[in-house]
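To start, the structure itself, in structure tokens.
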Amino acid sequence: MRDRILSWTAAGSEVVVLAMVFLSPWPLGAIFPRDMFLIYVGVSLLLLSWAVRIVAEGELRLARCPVVPCLLLLALLAWFQTISFSPETLGLLSGNTARVYDEFLPSRPEVLPFDVERMPPAYPAGSTISFYPGATQREAVGWLAVFLLFLGVRHVLNSPDHLRRLSLAATINASLLAFFGLVHYFSAETSYAYWSIETDSNIVFGPFVNRSHYAFYQNLCTGLALGWTLQRLARGEAKEGGEGSPRRESGRRHRRKSSFFSLVLQDPAFVWMGLALVLIFAATIFCQSRGGTIAFLSGFGMVVLLSRTGSFDWKALALFAGIVVASTLMLLWFGFEPVLNRLNTLWEGDALNPRTEIWGVSLPAFWSHPVWGTGYGTFYFIERMNRVLGTYRGRVAEHAHNEYIEAMVEGGLIRLVLTLLLIGFLFWLGVKALRRQRGSVHQGLVLGAIFAVTTAAVHSIGEFGIHMPSIAVLLTVIGAMLAGTVGWPMVAKTKRQEIVTPRNDFTLRWGGIAPTLAAVVLVALGLFLSYEGWRLARYDALRRRAEVLEGGEHLRERLDLMTEAARLVPESSKIHLQLGRELIGAGAALARQKDVDQQLYINLSLEGLRRILLARDLCPLLVDSQVSIAEYRGLLQEGDPASDYVERAKRLLPADSRTWFTFGFQALQAGDEEETWRCFRRSLEISGDSQKRILELSKGRLSSEAILEKVLPENPQLIFSAGRSIHPGPKGRDARGPYVERALELLEERDGELTEAELFLKGNLLEERERYEEARVVYQRAVIKRPTKHDWRYRYAEVLFELGDYRKAVREAEIILVARPRDKRVKSFLEKASRRLAETK
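Under the numbering used here, the first residue of the sequence shown is numbered 1485, with each subsequent residue one higher.
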């Protein structure tokens, strides 16, 4: 009975893990809370299975694995960051954290009128190492899930058969993902997922919103597929080369030839696996992820390195080479030019932009909080607070696009060291197992897992794929199985025998108390994870339903939904802020009605203000809460002046264009036009996100000369686009002359330092002033520097046409058509230029 229970639990655990791995990438990488809930339920089922095994065995057996304490400490660090400390203790632990709280929290708590009490926050304001303990708590639950998933897989699914079946399932799934990704790419817009789900991204590939995340996941699967293939090859050699086999006695050279070429060509499994690998790799390259390509090559380099040390033979290299050649042929069929244009940016220096800018503004945050960091999940706020003018204009950086830098910022040196130790231990265990399995049929499986971990470690330098739940699940499972390879038995290829590895585990019994206690703890942790997943999924569902409801007739229902969401997740600053603003808005709407109950208006306004203050206390770095308190300062009985809250908001977002536009608009409503133009200029210096609205508000109050002097920064591109926006079309050419001349003046001041884009802009400006000969020279310089910019080449061809140089215009158009054979605009231009050329002969 005991053996039957162990068999059932192992089978059930494997089904749960394979289901999580197989299904998680399809719902957009499992990025929604409802999908995370299902993953947490899967981890809970795995823990339940492990608990049953422990009770059935009558002992608690824990493997000696250095990766386990690293994961445990990473999870505990997140929980530590949410502990409330006294001001003195917090000052000792992190003096800069305490100073930030002093800067963005009032010296004296605000007082509400009518002796209304403030709402107590889930975490006392300004008492935690994390600047947003609610976000850190969610991250801590995620790290706990990773730790428990690793433990469960490491102790329940620790045999070569488990990794082999995982590799097969991952290969099948990756093939389906690749096929779907290619079909979707050729039949849908890149901003839509599943043809109908609109996203904020313009780089959707397959079911992933970000093509780099697709490549991240597929590289993990590629490693597993290669491992499965190499193991099957080794098993085939072992079958053909056993004792007494004629092939064994025909010599090593003949056996090697027969074992490799005949097995590969005659075994249908190799044929299908080879086709799958070619499809997977071709789609991974075709998705145009530069980081994914570099990560794959890094995995290949690791295989070469291991083969040079004698830990692996030439068969892996032959398989890699065959896959790359066949995939290249498939890419030529799909169309290789987009891939080449994308990869060319690696040599042109654009590959790391704007990543390097994000990293640059992240490092000061690390130096300010070097030991404990700013809190898991706070990078979004820290980056915006440290952003400088002109950096990463108009974009939002929720992650650092570098897991190591993000670890430094959010967890300090402690998290960075633990992360590096975690990766180092995985490689150490993998290489140790690979050396021990030399000559074994399991050697390929180990190598495939090392390949997968290598790609993840390298790709994490320039991407945040590990934050995608589907990637985190697969990588955790691979890491757990790789860590378990050191305990695998060795099955020789030439002598079909098994060398058993002695166990090196901790075993605890304590008279039956240890296994019972461990089972109870595992079940309790599983229930906790499931509850946390359900809580966040329910909160997200309520919030989304509230956002869909619009109009005054749904106001009560919307407020009820948001109140329930805030009750479920009291640590969320954003839901309290959103609810607070809704309540105050509802109160203001009531005040405009006749025969309104004044007490109801007062109650709604005060409850809304309580929520806004609570949101600020939960996360002092949330800009919208500071702005809202300034807006509703008149409702407070005591508090800092409204200008103090506005200044705090400005310090939190020194380089956010939309926030500065809001400040300028508020100043305009207050009648302070000088402050308005100052804020508008600052907004445009950061980015042109609010340019249209700023120009609409400015052109009726200022002349063109005043707009150039007070509103527009010294940005030639922005000045030119502003002139076209205020005075559009051919009729406005004379009126926008001052804008064109000012932009040209700025460019000519630094003519020797112009970038390719600035050269193209200068050509536009010269063409606008009908200085075609000068425009031709500038366009030519820009096209020489960037020959793949076909839109630039088209403008160059148009200028050549205006100058009567029809031969060169035709040649430039033909160059464009080689790359864009379906471009109707270029075809029409080519026909027109060809006719003119024929007429002049």
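Even glycine gets a Cβ: it sits at the ideal position worked out from N, Cα and C.
Residues near residue i in its chain [Cβ-Cβ closer than 7 Å; skip 5 each side]
i, result
"glycine 1735", "Bear in mind that the predicted position of glycine 1735 carries a pLDDT of just 44, short of 50, making it unreliable; the figure below should be weighed with that in mind. For glycine 1735, where only same-chain residues beyond five positions count, there are no Cβ hits under 7 Å."
"alanine 1677", "Leu1512, Thr1683, Val1688, Pro1691 and Val1693"
"phenylalanine 1784", "Phe1804"
"tyrosine 1524", "Ala1629, Leu2013, Ser2014, Glu2016 and Gly2017"
"isoleucine 1489", "Val1536 and Ala1540"
Cβ separation of residue i and residue j, assumed to be a contact under 8 Å, to the nearest whole Å
i, j, result
"histidine 2060", "alanine 2099", "4 Å"
"tyrosine 2129", "glutamine 2110", "5 Å"
"valine 1823", "leucine 1815", "6 Å"
"arginine 1537", "threonine 1493", "5 Å"
"valine 1693", "leucine 1512", "6 Å"
"alanine 2241", "valine 1872", "About 21 Å; that fails the 8 Å criterion."
"alanine 2338", "glutamate 2159", "An answer regarding residue 2338 cannot be provided, because it is not within the stretch 1485 to 2325 covered by the chain."
"threonine 1706", "phenylalanine 1765", "6 Å"
"valine 1937", "valine 1637", "14 Å between Cβ atoms; not a contact."
"aspartate 2024", "proline 1517", "4 Å"
"alanine 1653", "glutamine 1702", "Between glutamine 1702 and alanine 1653 the Cβ distance is about 14 Å, and since that is not below 8 Å, they are no contact."
"valine 1942", "serine 1782", "4 Å"
"arginine 1774", "arginine 1826", "6 Å"
"alanine 2030", "leucine 2045", "4 Å"
"valine 1527", "glutamate 2122", "Actually they are not in contact, since the Cβ atoms of valine 1527 and glutamate 2122 sit about 48 Å apart, beyond 8 Å."
"alanine 1709", "serine 1643", "The Cβ separation is near 19 Å, so there is no contact."
"serine 2057", "leucine 2102", "4 Å"
Beta-carbon contacts of residue i that lie in its chain and below 6 Å, excluding the five residues immediately before and after
i, result
"phenylalanine 2164", "Gly2148, Ile2178 and Val2195"
"arginine 2027", "Ala2049"
"leucine 1647", "Leu1929 and Met1965"
"tryptophan 1856", "Ser1578, Ile1613 and Gly1896"
"phenylalanine 1615", "Thr1858, Gly1859, Thr1862 and Leu2105"
"threonine 1969", "Ala1917 and Val1930"
"alanine 2365", "Nothing in the structure corresponds to residue 2365, since the chain is present only between 1485 and 2325."
Which listed residue (the options) has its alpha carbon closest to that of residue i
i, options, result
"tyrosine 1669", "Gly1690, Ile1656 and Ala1653", "Gly1690"
"valine 2310", "Thr1581, Ala2303, Arg2319 and Ala2297", "Ala2297"
"glutamate 1867", "Met1485, Ala1884, Ser1852 and Tyr1616", "Ala1884"
"proline 2200", "Glu2169, Ile1955, Arg1993 and Ala1802", "Glu2169"
"alanine 2293", "Tyr2263, Ala1514, Ala1964 and Leu2186", "Tyr2263"
"arginine 2217", "Asn2248, Ala2050 and Glu2252", "Glu2252"
"tyrosine 1698", "Thr1655, Ala1606 and Pro1509", "Pro1509"
"leucine 2009", "Val2032, Ala1624, Arg1622 and Leu1632", "Leu1632"
"arginine 2135", "Val1584, Asn1580 and Asn1825", "Val1584"
"glycine 2036", "Ser2141, Val1788, Ala2072 and Val2261", "Ala2072"
"phenylalanine 2145", "Ile2068, Leu2181 and Pro1571", "Leu2181"
"proline 2104", "Ser1846, Leu1761 and Pro1617", "Pro1617"
"arginine 2295", "Val2283, Gly2288, Arg2279 and Leu2314", "Leu2314"
"alanine 2322", "Val2302, Lys2308 and Gly2288", "Gly2288"
"glycine 1610", "Val1600, Val1625 and Pro1593", "Pro1593"
"alanine 2317", "Glu2286, Ser1491 and Lys1916", "Glu2286"
"tyrosine 2280", "Lys2246, Asp2307, Val2302 and Arg2306", "Lys2246"
"serine 1533", "Leu1641, Arg1602, Leu1574 and Thr1573", "Leu1641"
"serine 1944", "Gly2184, Phe1820, Glu1623 and Ile1907", "Ile1907"
"valine 1788", "Ile1934, Ile1567, Cys1771 and Gly1665", "Ile1934"
"alanine 2021", "Ala1514, Gly1496 and Asp2307", "Ala1514"
"alanine 2190", "Phe2204, Pro2222, Gln2175 and Ser2205", "Pro2222"
"glutamate 1543", "Ser2171, Ala1718, Gly1996 and Ser1570", "Gly1996"
"glutamate 1601", "Glu2091, Leu2202 and Trp1994", "Glu2091"
"threonine 1903", "Ala2075, Asp2307, Gly1626 and Leu1557", "Leu1557"
"glutamine 1772", "Phe1700, Leu2301 and Ala2002", "Phe1700"
In DSSP terms, what residue i is bridged to
i, result
"tryptophan 1546", "First, the amino acid is wrong: residue 1546 is leucine here, not tryptophan. DSSP, once it has assigned bridges, lists Phe1990 as partnering leucine 1546."
"tyrosine 2129", "For tyrosine 2129, which the question treats as bridged, DSSP gives no partner whatsoever."
"glycine 2282", "For the record, residue 2282 in the displayed sequence is glutamate; it is not glycine. None; glutamate 2282 has no bridge partner."
"isoleucine 1681", "Ala1677"
"glutamate 2225", "DSSP output for glutamate 2225 lists no bridge partner at all."
"glutamate 2122", "Val1595"
"phenylalanine 1692", "Phe1689"
Other residues of its chain near residue i: CB distance less than 8 Å, five sequence neighbours each side excluded
i, result
"arginine 2304", "His2274 and Val2310"
"phenylalanine 1863", "Ser1846, Ala1881, Glu1882, His1883, Ala1884, Glu1890, Val1893 and Glu1894"
Three-pair Cβ contact test at 8 Å for the region 1891-1902 versus the region 1938-1950:
no
Three or more C-beta pairs under 8 Å: does that hold for the region 2046-2066 against the region 2088-2104?
yes
Between the region 1957-1977 and the region 1926-1937, can you find at least three pairs of beta-carbon atoms closer than 8 Å?
yes
Contact between the region 1496-1508 and the region 1547-1554 is defined here as three or more beta-carbon pairs at a separation below 8 Å; is this criterion met?
no
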